[in-house]
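Chemist: Per our numbering, the very first residue in the sequence shown carries number 2; after that it's consecutive.
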Amino acid sequence: MTVNSDSLTVSLASINPAMLALAGGVLLALGLLVIILLLRGASLRREQAEEASFRAGENEARMAELLKIQAEMQGRIAAMTEVFGARQSELNQAISQRLDGMSQRVNSTITEQTKSTHENLQRLQERLAVIDAAQNNIQTLARDVVGLQAILSNKQTRGAFGQSRMETIVADGLPMGAYAFQQTLSNGSRPDCTIRMPNGAPPLVIDAKFPLEAWNAIRDAGSPEAGKIAGQQFRRDLEVHIRDIAEKYLIQGETQETAFLFVPSESIFAEIHENFEALVQKAHRARIVIVSPSLLMLSIQVIQAVLKDQRMRAQAHLIQGEVAILMDDLGRLDERVRKLQGHFAMAQKDIDMVVTSAGKLTRRGAKIEALEFEAGGEAKPARDSEAAAKSVESRTGLLKLRVVDEE
């Protein structure tokens, strides 16, 4: 350290005074600059301190305001929490009530739906049972239709079917003895049915042999040409059959001038009249009437009425005799009624006389009850029932009664 001081002293001694002055000025300037800088730094630090204290105050105020706001927020949050709690409780209660109501409604709905489903299933089972029965009936009907088709496919069985239906209608509508089946005529022919007419008129002939093969050919035709050909064949067959009926069954004096051609189907009868009008007119000209089951039944009913009227006319004399006997019986009945009326009048007169006598006896009994009895003197009217009773008990002597007949 001493060496350094010495060296510095030597250095300073060796330096020029001008240099020293210059250096001193520089140092002075530096010192002033340092002082200025120090002053400015102190001023800056003071300003910074003041600014820091101001900012600290502002921060404290802001902090206090934030704390106040936080306290208010906490109060509001507490109030909101309380309100939310109450609202949540009410909401939970309302939701619970609604859930209970919904549960009850759902349970009742489920119960009703279950009941309705059970009823629907029961009705469905009943309908299924009805459908099963209908299906069984349809199957039975299908078997019957198949059997009927098998019957109608054979000419002999088909003719027997038409004849059987005609016989059933005739047998149901007419009494026994008014008709005959397969009766032989004088020319050797045997019509399907003959109906005896009243008043000795010739019988009516019914034929049930309808040419159904040609008609089925019309039904089975697959084209208009085939249908036309089948229609022509049906027309020819029916014309031949009508001519055969007119030649075999219309016998002068033995049968009626008109015969019936029985068609065993209403639909076939309608289509014949609709599509084969000329054929129907030709049958009428030949005095052959084409009849369906309903027309045959109506004709049978008319014939039955005619037969009944004929029987009534045949028994007219018997009816007149019975009416005469009935009139005699009515005369005797009138005489006996008049006698009975006279007996009733006499009995009524006797009853009136008996009633008159009973009235007289009643009045006399009332008068006897009203008398007062005295000993040795005439009877006087009693003043009251008690005095009359005492006089009867206490007095003795001659009892005199005076009875006055009002007649």
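We treat Cβ as the ideally placed atom computed from N, Cα and C, and that holds for glycine.
Going by other Cβ atoms of all chains shown within 10 Å of its Cβ, with 16 needed for buried, is LEU213 buried or exposed?
Modeler: Per the 10 Å Cβ criterion, buried.
Chemist: Could you give the first and the last residue of the continuous beta strand (DSSP E) run that contains PHE261?
Modeler: 260-263 is the extent of the beta strand (DSSP E) around PHE261.
Chemist: Looking at the structure shown, is LEU251 part of a helix, part of a strand, or coil, going by DSSP?
Modeler: Correct three-state label for LEU251: coil.
Chemist: CB-CB under 8 Å to MET64, same chain, minus the five flanking residues each way: which ones, in chain order?
Modeler: Result list for MET64: empty, nothing under 8 Å.
Chemist: Roughly how many whole angstroms lie between the Cα atoms of ARG191 and LEU251?
Modeler: If I take the Cα positions, the gap works out to 12 Å.
Chemist: Contact check, PRO203 vs THR256 under 8 Å by CB: the rounded distance?
Modeler: Contact holds; Cβ gap of about 5 Å.
Chemist: Does LEU45 pass the burial test, meaning 16 or more other C-beta atoms within 10 Å, or should it be called exposed?
Modeler: It is exposed - the Cβ of LEU45 has fewer than 16 other Cβ atoms within 10 Å.
Chemist: Could you have a look at ALA22 and say whether DSSP puts it in helix, strand or coil?
Modeler: Here ALA22 sits in helix by DSSP.
Chemist: May I ask you to verify whether the segment 233-248 touches the segment 283-291, counting CB pairs closer than 8 Å and requiring at least 3?
Modeler: Touching, yes, given that three or more Cβ pairs across the two stretches are closer than 8 Å.
Chemist: What's the gap between the Cα of ARG403 and the Cα of ALA371?
Modeler: Bear in mind that a pLDDT of 45 at ARG403, under 50, signals an unreliable position, so the model cannot answer this.
Chemist: Could you check whether VAL307 and PHE261 sit closer than 8 Å to each other, using their CB atoms as the reference points?
Modeler: Result no, Cβ atoms of PHE261 and VAL307 do not sit closer than 8 Å.
Chemist: With a threshold of 8 Å on Cβ separation, who are the neighbours of GLN75 within its own chain once the five nearest residues in sequence on each side are excluded?
Modeler: Closer than 8 Å at the Cβ level, and outside the excluded window around GLN75, lies no residue.
Chemist: For the alpha helix (DSSP H) that contains PHE277, what are its first and last residues?
Modeler: Element bounds for PHE277: n/a, residue is neither H nor E.
Chemist: Could you please give me the residues that DSSP links to LEU205 through a beta bridge?
Modeler: LEU205 is bridged to ILE196.
Chemist: Hey, quick one: how far does the alpha helix (DSSP H) through ALA218 stretch, first residue to last?
Modeler: Residues 213-221.
Chemist: Mapping the DSSP letters down to three states, classify ALA371 as helix, strand or coil.
Modeler: Looking at ALA371 - three-state DSSP - the assignment turns out to be coil, as it is neither helix nor strand.
Chemist: Alpha carbon to alpha carbon, what distance is there between ARG197 and ASN138?
Modeler: Computed Cα separation, rounded: 41 Å.
Chemist: Can you tell me which of the three DSSP states ALA181 falls into?
Modeler: It is a strand residue.
Chemist: Distance check for GLN321 and ARG333, CA to CA, integer angstroms please.
Modeler: Going by the C-alpha atoms only, they are around 19 Å apart.
Chemist: Assuming GLY174 contacts GLN302 (C-beta within less than 8 Å), just tell me the rounded distance between them.
Modeler: That pair is a contact at about 6 Å.
Chemist: At a cut-off of 7 Å, is SER358 close to the ligand GDP when judged by its beta-carbon and the heavy atoms of the ligand?
Modeler: As far as ligands go, the structure on display features none, and thus does not contain the ligand GDP.
Chemist: Buried or exposed: which applies to ILE304, given that a residue is buried once 16 or more other Cβ atoms fall within 10 Å of its Cβ?
Modeler: With 16 or more Cβ atoms within 10 Å of its Cβ, ILE304 is classed as buried.
Chemist: Does THR195 pass the burial test, meaning 16 or more other C-beta atoms within 10 Å, or should it be called exposed?
Modeler: Per the 10 Å Cβ criterion, buried.
Chemist: Do PHE1 and PHE182 have their CB atoms nearer than 8 Å?
Modeler: The structure shown has nothing for residue 1, since the chain only spans 2 to 408.
Chemist: List the residues that DSSP assigns as beta-bridge partners of ILE230.
Modeler: For ILE230, which the question treats as bridged, DSSP gives no partner whatsoever.
Chemist: I need the straight-line Cα distance from ASN276 to ARG237, nearest angstrom please.
Modeler: Between ASN276 and ARG237, the C-alpha separation is close to 14 Å.
Chemist: What are the start and end residues of each continuous beta strand (DSSP E) run of 3 or more residues lying completely inside the segment 59-131, in chain order?
Modeler: If we require 3 residues or more, the segment 59-131 turns out to have no beta strand (DSSP E) run fully inside it.
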